[in-house]
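Here's the structure, in structure tokens; my notes come after.
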Amino acid sequence: MSLKQLSKDSGGELGNIIHDTPDCWHRERERNCLRVEMRAHEVFIFPYSQFLCAHQIAAASEGTLRIIFSNHEITLTGRRLEKLLPALQEFAVDWIRPLSVRYRDLDRGSDALITAIDVKSLDD
């Protein structure tokens, strides 16, 4: 069964993540893990039980949001990243990924827009 077929059969849950859509994050209650999609073939899963803190720095054009887990630091770059903070506070961010370049001109102006994600190991 292909991933496309699997996403159709599972009610579209995987479709939001795998397919190219104008979404760069998804909120869902009571998540145990945060899924971070870097690019098509690179995905990280971080357990919220290892979440330490988040630090957001707003800027006129693009700001940053640092999400720290016990062994990794995730740095998001984008606009209106403060929109993710209430969901992070409740461990309710299901997945994040950078928004595809083709959708950046369609910026809705109200939701967070993630343009880049960097994951760094803190063990190095």
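Residue numbering for the sequence shown follows numbering that gives the first Met the number 0, starting at 0 and increasing by one per position. Every residue, glycine too, gets a C-beta built ideally from N, C-alpha and C.
Locate the alpha helix (DSSP H) running through residue i, then write down its first and last residues.
{"i": "Ala-86", "result": "84-88"}
Under a three-way DSSP split, which group does residue i fall into?
{"i": "Leu-75", "result": "strand"}
{"i": "Leu-51", "result": "strand"}
{"i": "Arg-101", "result": "helix"}
{"i": "Leu-127", "result": "This structure does not reach residue 127, given that the chain is present from 0 up to 123, and the question cannot be answered."}
Bridge partners of residue i, per DSSP?
{"i": "His-25", "result": "Trp-94"}
{"i": "Asp-117", "result": "Thr-74"}
Between the options, which has its C-alpha nearest residue i's C-alpha?
{"i": "Lys-82", "options": "Asp-122, Ser-48, Ile-113", "result": "Ile-113"}
{"i": "Thr-63", "options": "Asn-70, Pro-46, Leu-51, Leu-84", "result": "Leu-84"}
{"i": "Ile-56", "options": "Asp-93, Phe-90, Gln-88, Thr-76", "result": "Thr-76"}
{"i": "His-25", "options": "Arg-96, Met-37, Val-118", "result": "Arg-96"}
{"i": "Ala-115", "options": "Arg-34, Arg-38, Asn-31", "result": "Arg-38"}
{"i": "Val-42", "options": "Cys-32, Ser-60, Ile-67, Ala-59", "result": "Cys-32"}
{"i": "Ile-67", "options": "Ala-58, Glu-61, Tyr-47, Ala-86", "result": "Tyr-47"}
{"i": "Phe-90", "options": "Leu-98, Cys-23, Ser-99, Phe-50", "result": "Phe-50"}
Which residues bound the beta strand (DSSP E) around residue i?
{"i": "Arg-65", "result": "62-68"}
{"i": "Arg-38", "result": "32-38"}
{"i": "Glu-81", "result": "Counting along the chain, Glu-81 falls outside any beta strand (DSSP E), and DSSP gives it neither H nor E."}
Short of 7 Å in beta carbon distance, which residues of its chain neighbour residue i, apart from the five on each side in sequence? Order them along the chain.
{"i": "Arg-79", "result": "Asp-110, Ala-111, Leu-112"}
{"i": "Ser-9", "result": "At Ser-9 the pLDDT is 37, less than 50, meaning the model places this residue with poor confidence and gives no usable figure here."}
{"i": "Glu-72", "result": "Arg-65, Lys-119, Leu-121"}
{"i": "Asp-93", "result": "His-25, Arg-26, Glu-27, Arg-30, Arg-34"}
By Cβ distance, which residues of its chain are closer than 6 Å to residue i, with the 5 residues on each side in sequence left out?
{"i": "Ser-1", "result": "Below a pLDDT of 50, predicted positions are generally treated as unreliable, and Ser-1, at 38, falls in that range; the measurement from the model is reported next regardless. Cβ within range, chain order: n/a, list empty."}
{"i": "Arg-117", "result": "Residue identity differs from the one stated: residue 117 is Asp in this sequence, not Arg. Excluding sequence neighbours, Asp-117 sits near Thr-74."}
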